[in-house]
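Residue numbers (our numbering), protein chains in the order written: chain A, 178 to 506; chain B, 400 to 658; chain C, 213 to 511. All C-beta atoms in this analysis are idealised placements derived from N, C-alpha and C, irrespective of residue type, glycine included.
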Amino acid sequence: MTATLMRNWLPAIVILALGLALPFLVAGNYQLRLATLVWIYAVLGMGFNMLFGFAGQLSLGQQAFFAIGAYAFALAQIHLGLSLPLAALTGLAVCALVSILVGLPVLRMRTHYLAMATLMFAMVVHDVALRWTDVTGGTSGLRVPPPHLFGDRLERIEVYYLIMALATVVFLLQVFVKSTHLGRALEAVKTDESAAMSLGVNVTYYKLGVFVLAASVAGVAGMAYAMVSRGVDPSYSGIGMVINLLTLAVIGGLGTRIGPFFGAALVILLPQFLAGLQEYQTLLYGVALLLFMIFLPGGLAGLIERPAMKAPEQDTPSERPGRLGSEAR
Amino acid sequence: MPLLSVREATKRFGGLAAVDRVSFDVTGGEVLGVIGPNGAGKSTLFNLISGLTPLTSGRIVFAGRDLARLPAHKRPQIGMARTFQIVRQFGHLPVIDNVMLGGHTRTTPGFFRSLVRIPTVLANERRLRDAAMEWLATVGLEARAHDLAGYLPHGQQRLIEIARAMMAEPDILLLDEPAAGLNGAETAHLMRLLRGLNDKGRSLLIVEHDMKFIMQLCDRIVVLDHGARIAEGAPDDIRRDPAVIEAYLGKDATSHAQH
Amino acid sequence: MVTEARLDILGILVLSGLTNGSVYALVGLSLALTYGASRVINFAQGEFVMLGALATVLFVTTVALPMLVSIPLVLVICAMVGLMLERFAYRPLVARNAPPLTVMIGTLACASIMVGAALLVWGPNQYFVPNAFSLDGITVAGITSTPQQLAIIASFAILMLLIWLLLYRTTFGLAIRAVGIDPEVSKLMGIRAERVVSFAFVFSAVIGGLAGILVGPLLGGHVSMGVVLTIKGFMAVILGGMGSPFAAAAGGLAIGLLEATVAFYGNSLYAEPIIFGLILLTLIVRPAGLLGEWEAMRR
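Here it is in structure tokens:
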């Protein structure tokens, strides 16, 4: 039992320790900023992970909530003069509200249709961010004031720890969801909706629940990103963001607990080590995404954690056409 | 008052009636079998009762309550649980988690409330885990509790499914071809298990192909053919019913048997 | 006078709506065709339009080949890229039993690869795409149009007819439809499903390239133009339904007309949100699209 416990928590503890020590190991503000971005991307990845990895609902619109959170956060500070915590709560509330409004109709769809509709939604958000210049500032976006907490301006290192703490909270939330009835019900929804229903899982409500949760988590990531970048612009909701997100989620390992951390670290840090790579980034992310899906579908975390995505061989209804009489439908 | 009352239940797909004005009752503590040739509408009937398919017309009343407006996911709460013809297992989850899933409605707060009521949820988890272990012991699979469900042989997956359904502590258990694909020993084990459940007062409603199994287990049998009820009675009467023989073996066999 | 003016407006709206709608319809139709054969939504579909437009720039402007030579070259390139997508993304994933959604993410990865590669070749610049037909206005019955615009609509109509003939009047078309209904059963019937899948990917790529050649002069060529068109294609298939290429094409035309109308009477800023709202509304009423099968609601 202790062995299992160690196996489950050891990677997370190592990551946490590394994260705590990191500001003392890196030289300069640029590296610290990169490290901060890794945590932010990990948060974004965890939201997607809960939605697709745990519940099997493929949304390609997470970047819309990333942007909505960031814009709401910026606007609340600029126009309403709200403090950082209040602005963050506003951003969270806006994300949750929009995700309920969008989720209710969109979640009636499944698989491909859901993926298309959510990407459509994200493109609408992107379009609005670009063209509703009076509010969003158009292409140049909005500036976010420097972060203050309880009257004091936050140092870079404080921002780092704040965001790392956020990532830790989201990680614990993710573990909680996965290891309780919530995770089981989501797994049931992912595998077989009608069986889930027969076991008493309110499938519609659970799908909406995890959609709203993932949207809120994406919003948190967006707000953190805006805080670190001191601004928000339409690229937050761009197609590039969803490619980054998918790449980090797949490379890290879908359905695993620590996958998003690995993925985020790789997606952020790798281009830094290979000089002059910026130009090739779109191409390389695409190639990496494709290669991982073909050759290592469990991702990096899948190598150490039991991957939740890959089922052991079993007879599923679709694979046994002979058993499916007209009655079974 | 019967526990479950099916009245003129009808389901049409397009013009075709898969279930055509079927009526029967299940009284508390009874074991009722539903048999019929392939395509007789047995699985559709099960989906109507468990709420996965809406009725075209007719009524289904359970414990005095009309189920017309009760969604499938609320039926386990009021004492109705089911298994499927083709085992529906969540293969990525350990056996114990599969069984715990059966207790979903009985104990847990909703999605968002769960996120803020962590102690309640954790207490629930412990309670569910204990209950699931008990049911696993009952079906004889406690040793496999921590294996991934997908790795288990078919017969054991069937038992997990029953243990899972029992987690809802149902008054009636709907079993869709529970003996399908089981060998002799497994079938005998299943028979003992179901008898044991029935002895503790659970009603069972069983759809089955295996005649011997159903004749031995059931108090009463309803026979469907082409969506309609063609006979109802004790196993011995059903065995001799000409309409039933005809449905199963064709007209020739009937005339043959009469000669 | 008043009625005549309104007829003018109507004519312009219908014409510009049909022009864009034809392009959306071509993308939607290709999506539905590929989906029918492979049960995968090709997220790279719009990138073939981008490739078609920019390859035209390459051959006609950069290499200075005549248009008539360039067009076949562009289409061959699109076909080859389509085949590569099928060979190096779709097939390896399917061969490893990847779930359909994973295969779909694979096509999104391909979209990213195509955009990334195009960025290296063409950079992030906006290009003028040479036109095969004249862009000079011609006025018929008070409505001004261009031969290019009319060519788009005409090509679309001809393509629809050809695809209909292919699907419903040839044995190969029968095979395509059979694979779309049930790949397993059609395999038993001796249809080589892989060939149908290859064909669908290549054919869709060519249609995309053709759309790029046609609409490029109107939209301008840019590496990021593809994703927008992919999304329009999604709108088309969701609105029309994925059941048949023709339903998807009808959806595309409807989106084009709607866009033109909303942009004319309102602010073009609202066009996208309004259309998205309408699609959501459609989905609430008819979850499988206006003309759709009910695949959407099934597992």
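- Where residue 621/B is concerned, the enclosing beta strand (DSSP E) starts and stops at 619-624.
- From the listed residues 353/A, 309/A, 263/A and 192/A, the smallest Cα separation to residue 514/B is found for 353/A.
- Against chain C, the CB of residue 448/A has no partner CB under 8 Å away; the residue lies outside that interface.
- Under the DSSP assignment, residue 479/B falls in the beta strand (DSSP E) whose first and last residues are 479-481.
- For the stretch 286-341 of chain C, the continuous alpha helix (DSSP H) assignments of 4+ residues that do not extend past its boundaries occur at 303-307 and 312-334, in sequence order.
- Taking the beta carbon of residue 399/A as reference, no residue of chain C falls within 7 Å; the closest one sits roughly 20 Å away.
- For residue 361/A, the C-beta contacts it makes with chain B under 7 Å involve 492, 496, 499 and 500, in order along the chain.
- Using a CB distance below 9 Å, the part of the stretch 320-350 of chain A facing chain B consists of 350, ordered along the chain.
- Among the residues of chain A, none has a CB under 7 Å from the CB of residue 429/C; the nearest is roughly 23 Å distant.
- A Cβ-Cβ separation of about 13 Å leaves residue 626/B out of contact with residue 405/B under the 8 Å criterion.
- Residue 454/C sits close to residue 244/C, with the two beta carbons spaced by under 8 Å.
- As summarised for the stretch 574-605 of chain B, the continuous alpha helix (DSSP H) elements at least 4 residues long and confined to that stretch are 583-598, given in chain order.
- Relative to the Cα of residue 301/A, the nearest Cα in the group 294/C, 439/C and 417/C belongs to 439/C.
- Residue 542/B: not part of any alpha helix (DSSP H); DSSP gives it neither H nor E.
- Rounded to whole angstroms, residue 378/C and residue 366/C show a C-alpha spacing of 18 Å.
- Our two residues, residue 271/C and residue 283/C, have alpha carbons roughly 9 Å apart in a direct line.
- In the same chain as residue 316/C, and ignoring 5 residues on each side of it, the C-beta atoms closer than 6 Å to its own belong to 252 and 253, in chain order.
- By DSSP's assignment, residue 424/C forms no beta bridge with any residue.
- Our two residues, residue 411/A and residue 318/A, have alpha carbons roughly 7 Å apart in a direct line.
- Linking residue 263/A to residue 222/A through their CA atoms gives a straight-line distance of about 24 Å.
- In this structure, the alpha-carbon of residue 494/C lies about 13 Å from that of residue 290/A.
- Counting only unbroken stretches of 3 or more residues, the beta strand (DSSP E) elements lying wholly within the stretch 460-536 of chain B are 479-481, in sequence order.
- For the pair residue 359/C and residue 350/C, the CB atoms are nearer than the 8 Å cut-off.
- The bridge partners DSSP lists for residue 424/B are 404/B.
- If you ignore the 5 residues before and after residue 390/C, its C-beta comes within less than 8 Å of the C-beta of 397, 398, 401 and 403, all in its own chain and listed in chain order.
- Interface annotation, residue 290/A: in contact with chain C, CB-CB separation under 8 Å.
- Interface with chain A (8 Å Cβ-Cβ cutoff): residue 520/B is included.
- For residue 602/B, no chain A residue has a C-beta closer than 8 Å to its own C-beta; the minimum C-beta separation is roughly 17 Å.
- Interface with chain C (8 Å Cβ-Cβ cutoff): residue 286/A is included.
- Counting only Cβ-Cβ distances below 8 Å, residue 410/A has no contacts in chain B at all, with the closest Cβ about 32 Å away.
- Look at residue 235/A here: in three-state DSSP terms it is coil, with no helix or strand label.
- Following the DSSP letters along the chain, one finds residue 362/A inside the alpha helix (DSSP H) bounded by residues 358-368.
- At least one CB of chain B lies nearer than 8 Å to the CB of residue 380/A.
- Taking residue 460/C as reference, the option from 348/C, 445/C and 230/C with the minimal CA-CA separation is 445/C.
- Residues of the stretch 282-316 of chain C with a C-beta atom less than 7 Å from some C-beta of chain A are 301, 304, 305, 308, 310, 312, 313, 314 and 316, listed in chain order.
- Contact with chain A is absent for residue 406/C, since none of that chain's Cβ atoms lies less than 8 Å from the residue's Cβ.
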